[in-house]
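Below is one structure, written out as structure tokens; the observations come after it.
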Ligand SMILES: Nc1ncnc2c1ncn2[C@@H]1O[C@H](COP(=O)(O)OP(=O)(O)OP(=O)(O)O)[C@@H](O)[C@H]1O
Ligand SMILES: [Mg+2]
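Below, the structure written as structure tokens:
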């Protein structure tokens with residue numbers, strides 16, 4: 182995966198600024214993400230990666246700038262925002278499966294409540310998705326009865342059930358035991374191959390090399406460097422990226 | 210014992226009055242308290258402020274004063290309740306709703322923030338994520354504190370006796386005047402009446418608590 186897909190950007194951030202009180206967490210962020218593109222966001226802890234990810238579905242509001250998805254500006258609040266969020270899938274570090282619902286119910290909740298699908302349709306599709314992520318046998322269990330890797334794969338299925346235009350992943354494997362990381366990355370890699378537009382905050386370089394079109398390096402609330410994965414990992418331009426890579430590579 | 214048998218219709222009516230005061234007020238307080246709790250966690254600052262004001266007002270006012278206001282004070286604003294029973298229900302409901310709200314709010318706060326975030330990220334609006342994701346999980350953790358609110362409510366119904374509602378406590382006053390020599394028996398009957406209301410609910414609460422417990 183080397184060539185950048187063309188066309189109108191699906192997600193566009195322009196001049197995005199955000200503060201947490203005094204802290205200027207996002208500073209003049211400009212980022213266009215094309216349809217079908219996979220962007221990996223990387224950077225030191227506290228650099229604003231999660232915040233960036235969360236502004237794209239407005240889990241974090243921004244103070245300045247503009248974010249559009251498929252040409253449509255993110256609404257402030259209310260029903261329109263909810264409708265737009267339905268088109269943006271999100272996978273969290275801590276899975277956040279609904280603890281009081283079964284695996285199947287977790288996956289059908291959005292289609293039933295937001296897309297107003299019939300129960301039969303929603304369940305049929307949910308079972309297909311659970312099969313795809315390899316947790317069919319667990320459909321009637323509760324989240325706490327599953328391993329972390331299984332829960333995260335269900336979380337991916339839950340997001341996919343909404344047929345999102347773009348998927349956001351915020352460190353989807355960092356809460357997992359090492360032996361479960363690959364089962365999640367494999368699902369994500371196949372999604373990327375199938376042309377899903379993805380923004381992935383991760384330090385998994387293997388995944389970035391395999392699946393990403395671009396790596397975005399953040400530091401101190403800014404995008405410091407943007408490059409193709411191979412170029413970024415072998416020949417980073419900015420001193421801060423060089424410093425960061427030397428630290429994570431030595432581990 | 211024959212004394213109790215003679216007065217059985219009186220005792221029965223008093224018991225049913227206390228029971229219906231508690232049940233009707235309990236239901237009203239649960240509904241109003243849930244609305245208040247939803248307001249307290251809503252994204253609209255005005256709603257949050259209003260609910261906070263309500264809770265602080267009623268939580269810090271003695272129940273007897275609430276009764277007084279509804280029974281007598283309210284005529285100044287040209288409003289009167291059609292019956293003493295309804296006045297009592299209104300006072301008990303308004304007062305108890307504040308405690309229901311606080312119990313629910315602590316339950317809502319105990320639900321990890323990621324649950325509501327995941328719901329919003331799926332495209333559920335505020336009301337949907339509250340009713341399908343947050344509240345069902347909150348209700349489970351609030352069964353014990355809500356149980357305490359219910360028991361307090363059952364006992365608080367006795368204040369209605371001071372406002373001419375013929376409940377168990379009113380019966381105690383009345384019979385202890387007319388049958389002072391049977392006072393011990395009257396006490397036993399009245400206390401038993403309250404226990405019949407609170408004890409089974411304490412038991413039901415512990416069963417509910419075990420049934421609803423969620424594994425995390
Ligand atoms: N809700 C919040 N309130 C105040 N400050 C916050 C909040 N969330 C994040 N921050 C701060 O904003 C900065 C950026 O946080 P963010 O979580 O986006 O970083 P990150 O790059 O994802 O870091 P990590 O790799 O540790 O996840 C940090 O300094 C963090 O402490
Ligand atoms: Mg983060």
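Residue numbers (my numbering), protein chains in the order written: chain A, 182 to 432; chain B, 210 to 425. No residue lacks a Cβ here, since even glycine has one placed at the ideal position from N, Cα and C. Model, not experiment: these values are computed from the prediction.
Contact test: residue i Cβ vs ligand 2 heavy atom, cutoff 6 Å
i, result
"residue 234 (chain B)", "no"
"residue 230 (chain A)", "yes"
Near ligand 3: residue i beta-carbon under 6 Å from a heavy atom
i, result
"residue 355 (chain A)", "Ligand 3 is absent from the structure shown, which contains only ligand 1 and ligand 2."
Residue i: CB within 6 Å of a non-hydrogen atom of ligand 1
i, result
"residue 220 (chain A)", "no"
"residue 227 (chain A)", "yes"
"residue 206 (chain A)", "yes"
"residue 294 (chain B)", "no"
"residue 388 (chain A)", "no"
"residue 281 (chain B)", "no"
"residue 413 (chain A)", "no"
"residue 201 (chain A)", "yes"
Integer Cβ distance of residue i from residue j, believed to fall under 8 Å
i, j, result
"residue 237 (chain A)", "residue 269 (chain A)", "6 Å"
"residue 354 (chain A)", "residue 383 (chain A)", "7 Å"
"residue 163 (chain A)", "residue 251 (chain A)", "Limits of chain A in this structure are 182 at one end and 432 at the other, which puts residue 163 (chain A) out of reach."
"residue 300 (chain B)", "residue 267 (chain B)", "Going by Cβ atoms, the distance from residue 300 (chain B) to residue 267 (chain B) rounds to 10 Å, so no, they are not a contact pair."
"residue 291 (chain A)", "residue 331 (chain B)", "4 Å"
"residue 310 (chain A)", "residue 267 (chain A)", "Actually they are not in contact, since the Cβ atoms of residue 310 (chain A) and residue 267 (chain A) sit about 16 Å apart, beyond 8 Å."
"residue 233 (chain B)", "residue 298 (chain B)", "5 Å"
"residue 317 (chain B)", "residue 343 (chain B)", "6 Å"
"residue 239 (chain A)", "residue 247 (chain A)", "Contact flag wrong, Cβ pair sits at about 12 Å."
"residue 193 (chain A)", "residue 209 (chain A)", "Actually they are not in contact, since the Cβ atoms of residue 193 (chain A) and residue 209 (chain A) sit about 14 Å apart, beyond 8 Å."
Amino acids of chain A, ordered along the chain, whose beta-carbon sits closer than 7 Å to that of residue i
i, result
"residue 265 (chain B)", "Ordered by position in chain A, no residue passes the 7 Å Cβ test against residue 265 (chain B), which lies about 27 Å from the chain."
"residue 418 (chain B)", "Those within 7 Å of residue 418 (chain B) in chain A number zero; the least Cβ separation is about 15 Å."
"residue 246 (chain B)", "Simply none; closest approach about 18 Å."
"residue 342 (chain B)", "279"
"residue 346 (chain B)", "280, 281"
From the options, residue whose alpha carbon lies closest to that of residue i
i, options, result
"residue 199 (chain A)", "A:219, A:241, A:295", "A:241"
"residue 218 (chain A)", "A:419, A:420, A:375", "A:375"
"residue 377 (chain B)", "B:408, B:303, B:412, B:219", "B:219"
"residue 357 (chain B)", "B:412, B:398, B:337, B:262", "B:412"
"residue 385 (chain B)", "B:398, B:374, B:373", "B:398"
"residue 387 (chain A)", "A:403, A:400, A:402, A:370", "A:370"
"residue 292 (chain B)", "B:375, B:396, B:253", "B:375"
"residue 213 (chain B)", "B:410, B:381, B:404", "B:381"
"residue 369 (chain B)", "B:211, B:319, B:223", "B:223"
"residue 394 (chain A)", "A:296, A:400, A:358, A:414", "A:414"
"residue 363 (chain B)", "B:394, B:229, B:325, B:273", "B:229"
"residue 294 (chain B)", "B:334, B:226, B:240", "B:226"
"residue 331 (chain A)", "A:315, A:396, A:340", "A:315"
"residue 323 (chain B)", "B:241, B:302, B:339", "B:339"
"residue 336 (chain A)", "A:279, A:235, A:420, A:390", "A:279"
"residue 372 (chain B)", "B:265, B:279, B:255, B:326", "B:279"
"residue 409 (chain A)", "A:396, A:401, A:418, A:191", "A:396"
"residue 401 (chain A)", "A:390, A:339, A:421, A:392", "A:421"
"residue 259 (chain B)", "B:248, B:403, B:334", "B:248"
"residue 392 (chain A)", "A:379, A:404, A:403, A:398", "A:379"
"residue 245 (chain A)", "A:202, A:404, A:195", "A:195"
Beta-carbon neighbours of residue i, restricted to chain A and to distances below 8 Å
i, result
"residue 334 (chain B)", "259, 260, 263"
"residue 351 (chain B)", "In chain order: nothing, as chain A lies at least about 14 Å away."
"residue 316 (chain B)", "Chain A residues near residue 316 (chain B): none, gap ~13 Å exceeds 8 Å."
"residue 252 (chain B)", "258"
Proximal chain B residues relative to residue i, where beta-carbon distance stays under 7 Å
i, result
"residue 271 (chain A)", "330"
"residue 363 (chain A)", "Result: empty, since nearest Cβ-Cβ is about 24 Å, beyond 7 Å."
"residue 311 (chain A)", "By Cβ distance, chain B contributes nothing, its closest Cβ being about 16 Å from residue 311 (chain A), past 7 Å."
"residue 329 (chain A)", "None at all; the shortest Cβ gap to chain B is about 13 Å."
"residue 275 (chain A)", "323"
Chain B contact residues for residue i, given Cβ-Cβ distances below 8 Å
i, result
"residue 343 (chain A)", "331, 332"
Interface partners of residue i on chain B, CB under 9 Å
i, result
"residue 427 (chain A)", "By Cβ distance, chain B contributes nothing, its closest Cβ being about 34 Å from residue 427 (chain A), past 9 Å."
"residue 290 (chain A)", "328, 331, 333, 341, 342"
"residue 306 (chain A)", "Under the 9 Å cutoff, chain B gives no residues; its nearest Cβ is about 14 Å from residue 306 (chain A)."
Per-residue contacts from residue i into chain A (C-beta, under 9 Å)
i, result
"residue 337 (chain B)", "263, 294, 295"
Item to check | Completely contained alpha helix (DSSP H) runs for the region 346-406 of chain A, where each covers 4 or more residues | outcome: Qualifying alpha helix (DSSP H) stretches, in chain order: 359-374, 386-392.
Checklist entry - What runs of the alpha helix (DSSP H), each 4 residues or longer, lie entirely inside the region 242-317 of chain A? => result With a minimum length of 4 residues, the continuous alpha helix (DSSP H) runs that stay inside the region 242-317 of chain A are 259-267, 284-294, 300-313.
Checklist entry - What residue ranges within the region 346-395 of chain B form continuous alpha helix (DSSP H) runs of no fewer than 4 residues, ordered along the chain? => result As far as the region 346-395 of chain B is concerned, its whole alpha helix (DSSP H) runs of at least 4 residues are 352-365, 377-387.
Checklist entry - Quick one: complete alpha helix (DSSP H) runs, 4+ long, within the region 261-340 of chain B? => result Residue ranges of uninterrupted alpha helix (DSSP H) with 4 or more members, entirely inside the region 261-340 of chain B and ordered along the chain, are 272-280, 293-319, 322-331, 335-338.
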